[in-house]
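Trainee: I'd like to ask you about the structure that follows.
2 protein chains.
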Amino acid sequence: MRRARRAAAAPGGALEDAVEAMRRCDVLAGVSAMEGGIERVYLSPEHARANAQAGEWLELAGMRAWEDAAGNIRGSYPGATEDAPVLVLGSHLDTVPDAGRYDGILGVMIAIAVVGRLHAHGARLPFGIEVIGFADEEGVRFGRTLLGSCAVAGTWDEAWLDLADGDGVTLRDALAAFGLDPARVGDAALDPARVVGYLEAHIEQGPLLLDAGRPLGVVSGIMGAKRFDLAMEGEAGHAGGVPMRHRRDALLGAATAALAVEQVALAEGVVGTVGEMRVAPGAANVIPGRAEFSLDVRAATDAERDRAWARIRALAVEAAGARRLQFTESLRHVAPATSSERRLSEAVEHGISVATGDREPMELLSKAGHDAMAIAALAPYAMLFVRCGNGGVSHQPDESVEVGDVALAIDAFEAAILAVAQRWQPLA
Amino acid sequence: MRRARRAAAAPGGALEDAVEAMRRCDVLAGVSAMEGGIERVYLSPEHARANAQAGEWLELAGMRAWEDAAGNIRGSYPGATEDAPVLVLGSHLDTVPDAGRYDGILGVMIAIAVVGRLHAHGARLPFGIEVIGFADEEGVRFGRTLLGSCAVAGTWDEAWLDLADGDGVTLRDALAAFGLDPARVGDAALDPARVVGYLEAHIEQGPLLLDAGRPLGVVSGIMGAKRFDLAMEGEAGHAGGVPMRHRRDALLGAATAALAVEQVALAEGVVGTVGEMRVAPGAANVIPGRAEFSLDVRAATDAERDRAWARIRALAVEAAGARRLQFTESLRHVAPATSSERRLSEAVEHGISVATGDREPMELLSKAGHDAMAIAALAPYAMLFVRCGNGGVSHQPDESVEVGDVALAIDAFEAAILAVAQRWQPLA
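Taken in sequence, the protein lines are chains A and B.
Letter by letter, the first sequence follows residues 1338 to 1765 of my numbering.
Letter by letter, the second sequence follows residues 1338 to 1765 of my numbering.
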């Protein structure tokens, strides 16, 4: 069967599939809440429209499509037998504000392209395939990432229903408004006993493949990440009336802490980002009485990550003390470092070798989080990274990929799936 | 006539007037757009309600009340003759977000209390009195301060009609929605030839009277202030994927600039504040690509202020260069340093001496801007400062004054007006 697929994946066909996958990314880029940019958050009208569009593509690829209890769009392609387990392929369809068009989206389109190839040949594998377009990976709306993949992984937490978005709308109410039953989100979960594994293709979101001159890479694991809501509380006051030495300016405390994040990250070789900053009252002639900011810290191991956070925290507490501010912290999100599964990763490496001729595919540690992190609680995973252009930027409009790389990625992803099928069958 | 007024301002009466003035500040504190706090901005529903309430108090004090073409609430108390000029008393009724209840408001209530005393005795001065509750001093909504007092001073600029608030509503549309004619705001202007001068009572918004143990002070002048809209433009990117050394993090540039403002202000003996800070895209897992922030810088002289700004600017440009960011600046507002008029200030000093027995009233330079700055273009001004509690804080809920100090302020303000009348008459 692998040979038949390779024939189907001849250069011309692969390029056509890649052009179509990228065209679909363009189509979804137009499904946006933001004028002149891309923003598509969980349970929004754009989410519903994106699901409807993705559902059509899933059906075109020979799958039965449905929206699950968490709002993920899913498609199932039958296996050789009716009681066959499933190999899950996927990535996410939600975006950050003013996003690029490939982060998450491209992985779903690659999965659909590969199933479309199987369908075109009437191929049946010893397992069924389920393609999932996860509804929330970025966590923009409710401040909690991976909501869609956690529901599928069976790790959905009912307490999340009380999370509120920036307008005070709770996740519970947003689910109901979207037409979903907040009490039944857990129904989206897959049975671990029926899942062979999870494969995800994704843009690298970094410059390493670009710098190395390689189109594809295999992911060894995903960095552990912690995300905090931090705040400095001081005292508001008149921007003219209060002498400089009398001030308890919350923004200056937060500014010092943000610079400390960078200093520690550079010193410890980890990654730290303050991506949100809000000051109150927030007027040009009022000294900020409160500053709220986020911290995202990631490292190759949980121990390195926690050591970096301890240093950042100490510097923030010191900055607060020096300015008579009160520093508060709240852990918003924690994701332990995860490793991809060896045999699935070998299948991905094999796929890269088949597609590119590269005998020793490059291995990368993902600094970005992915749905695979959540799915790791359900099943073993492996990931394929696709080279980014523009210095590896993502989470912004300049995010880019080359069509030739996407063609190789489709070939590689298909070959990886066939390799899993070949290896898996003898074990059945 | 001065003696008669002093009798009316006996301790008991003054305390009652002060209690009533503070009660009225409490009433207006309830006219707010903010739950659990005070926020009342220009041309808002709360502005309309505050004007209606203040109009009732103006009438109770024997004045004819009306709302002018700029939305200021005004009351006129006739002079001895029909063609008598007017002495203008006033302060503002708008607030910053999460404001205190006395900044501006108390000055209007003191003016109303004093006219109420004149009215109670049927007193007629050689000039009429006009009390104005200015509609916009803080400039919160449209980012341009003193809109109300500029209209009265005859310095209203038609170009301001295109200013937009945070929701994109232009000043033009907001005026129309409030029931005012955007083309006729200039009609609010007083004729300089008919104005004797302007007196304003205001809380100090600083700790100097408190530290000196004095209830009242006379204002020598108002610091020159400049206000800028500043921005750092870098590159958004994934908080995990982009290595620390590849980043062009706009927030870190803005944080460095905010800390530089403090450093320069301390070194140069001026006052500098970053009161606004917004980052975009503004998500925990996205490196900020843009940070917009305000700068308010004030000094005793325009030269000192401009020297401090030049140093701040150089440090901001340097910070931007070090991080490969683009720094942009836009002057939002400039207010030259102004001096109070000598003879009016002597009348205020005389009033303070009469009320407190203090032969040498304390003189203060106002670091905060006031409506008097705008009125300076129309007529000479003088100001009376009232001691603040809580370390002199203002622009926040803890703003406070003592009722005994307010009683002394009403007595002093009345005595100052009577002194102006006595001195002015011989010149007529």
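Here a beta-carbon is modelled for each residue, glycine too, at the ideal position from N, C-alpha and C.
(1) Is it buried or exposed, Asp-1454/B, if we count other Cβ atoms within 10 angstroms and call 16 or more buried?
(2) Find the nearest neighbour of Ser-1703/A within the set Ala-1645/A, Val-1607/A, Gly-1534/A, judged by alpha-carbon distance.
(3) Which term fits Thr-1675/B, buried or exposed, when burial requires 16 or more other beta carbons within 10 angstroms of its beta carbon?
(4) For Pro-1529/A, count neighbouring C-beta atoms within 10 Å of its own C-beta (all shown protein chains included) and say buried if the count is 16 or more, exposed if not.
(5) Give me the chain A residues within the contact set of Thr-1610/B, using Cβ-Cβ distance strictly less than 7 Å, ordered along the chain.
(6) Look up Phe-1750/B in the DSSP assignment and say whether it is helix, strand or coil.
(7) Report yes if the C-beta distance between Gly-1523/B and Gly-1491/B is below 9 Å; otherwise report no.
(8) Ends of the beta strand (DSSP E) at Thr-1610/B?
(9) Taking the alpha helix (DSSP H) that Trp-1403/A belongs to, which residues open and close that run?
(10) Are Val-1468/A and Gly-1427/A closer than 9 Å when you measure CB to CB?
(11) Measuring straight from C-alpha to C-alpha, what distance separates Arg-1660/A and Arg-1584/A?
(12) Would the segment 1375 to 1386 of chain A and the segment 1419 to 1433 of chain A be scored as touching if the rule is three or more Cβ pairs under 8 Å?
(13) What did DSSP end up calling Ala-1351/B once you bin it into helix, strand or coil?
(14) Ser-1731/B lies in the alpha helix (DSSP H); which residues open and close that run?
(15) With C-beta atoms as the reference, is Pro-1618/B less than 9 Å away from Ala-1657/B?
(16) Would Ala-1713/A count as contacting chain B if we go by Cβ distances under 9 Å?
(17) Please list, in chain order, the chain B residues whose beta carbon lies closer than 7 Å to that of Ala-1588/A.
(18) Can at least three beta-carbon pairs, one atom from the segment 1718 to 1737 of chain B and one from the segment 1668 to 1686 of chain B, be found at a separation below 8 Å?
(19) Would you call the CB atoms of Glu-1655/A and Asp-1566/A closer than 9 Å?
(20) For Ala-1560/A versus Ala-1705/A, is the C-beta spacing smaller than 9 Å?
(21) Does the beta-carbon of Gly-1459/B have 16 or more other beta-carbons within 10 angstroms, so that it is buried, or is it exposed?
(22) So Val-1555/B contacts chain A; which residues on that side make the cut at Cβ distance below 8 Å?
(23) Find out if the Cβ-Cβ distance for the pair His-1771/B, Gly-1609/A is shorter than 9 Å.
(24) Less than 7 Å between C-beta atoms, sequence neighbours within five positions excluded: which residues of the same chain meet that for Trp-1394/B?
(25) Could you tell me whether any Cβ in chain A is nearer than 9 Å to the Cβ of His-1384/B?
(26) What in chain B is Cβ-close to Asp-1633/A, meaning under 8 Å?
(27) Taking the straight line between their C-alpha atoms, what separation do you get for Gly-1728/A and Ser-1737/A?
(28) List the endpoints of the continuous alpha helix (DSSP H) containing Ser-1631/A.
(29) Please decide whether Val-1723/A counts as near chain B, where near means a Cβ-Cβ distance under 9 Å.
(30) Between which two residues does the alpha helix (DSSP H) holding Ile-1469/B run?
(31) Please report how far the alpha carbon of Leu-1498/A lies from the alpha carbon of Glu-1570/B, in whole angstroms.
(32) Going by C-alpha to C-alpha distance, which of Trp-1403/A, Ala-1538/A, Ala-1568/A, Arg-1650/A sits closest to Ala-1752/A?
(33) Identify which residue in Glu-1353/A, Glu-1357/A, Gly-1373/A, Ala-1351/A has its Cα closest to the Cα of Pro-1734/A.
(34) Given a threshold of 16 other Cβ atoms within 10 Å of its Cβ, counted over all protein chains shown, does Leu-1668/A qualify as buried or as exposed?
(35) Report, in whole angstroms, the separation of the C-beta atoms of Asn-1409/A and Ala-1488/A, which I expect to be a contact under 8 Å.
(36) Can you round the beta-carbon distance between Met-1446/B and Gly-1554/B to whole angstroms, since I take them to be within the 8 Å contact cut?
Mentor: If we stick to the structure as given:
(1) In the sequence as displayed, the identity of residue 1454/B is Arg instead of Asp. The residue in question, Arg-1454/B, is buried, as its Cβ has 16 or more Cβ neighbours within 10 Å.
(2) Val-1607/A
(3) buried
(4) exposed
(5) Ala-1576, Ile-1624
(6) helix
(7) yes
(8) 1608 to 1610
(9) That residue, Trp-1403/A, is in no alpha helix (DSSP H); its beta strand (DSSP E) goes 1401 to 1404.
(10) yes
(11) 8 Å
(12) yes
(13) helix
(14) From DSSP, Ser-1731/B is part of no alpha helix (DSSP H); its letter is neither H nor E.
(15) no
(16) no
(17) Strictly speaking, residue 1588/A in this sequence is Leu, with Ala absent from that position. By Cβ distance, chain B contributes Ala-1595, Val-1611, Met-1614.
(18) yes
(19) no
(20) Per the sequence presented here, residue 1560/A reads as Met, with Ala not at that position. Cβ atoms of Met-1560/A and Ala-1705/A: closer than 9 Å.
(21) exposed
(22) None at all; the shortest Cβ gap to chain A is about 16 Å.
(23) This structure cannot settle anything about residue 1771/B, because the visible part of chain B is limited to 1338 through 1765.
(24) Arg-1361, Ile-1449
(25) no
(26) Ala-1576, Gly-1577, Ala-1621, Asn-1622
(27) 9 Å
(28) From DSSP, Ser-1631/A is part of no alpha helix (DSSP H) but of the beta strand (DSSP E) over 1627 to 1636.
(29) no
(30) Note, Ile-1469/B: premise wrong, no alpha helix (DSSP H); beta strand (DSSP E) at 1465 to 1471.
(31) 36 Å
(32) Ala-1538/A
(33) Gly-1373/A
(34) exposed
(35) 7 Å
(36) With 8 Å as the limit, Met-1446/B and Gly-1554/B do not qualify as a contact, their Cβ atoms being about 19 Å apart.
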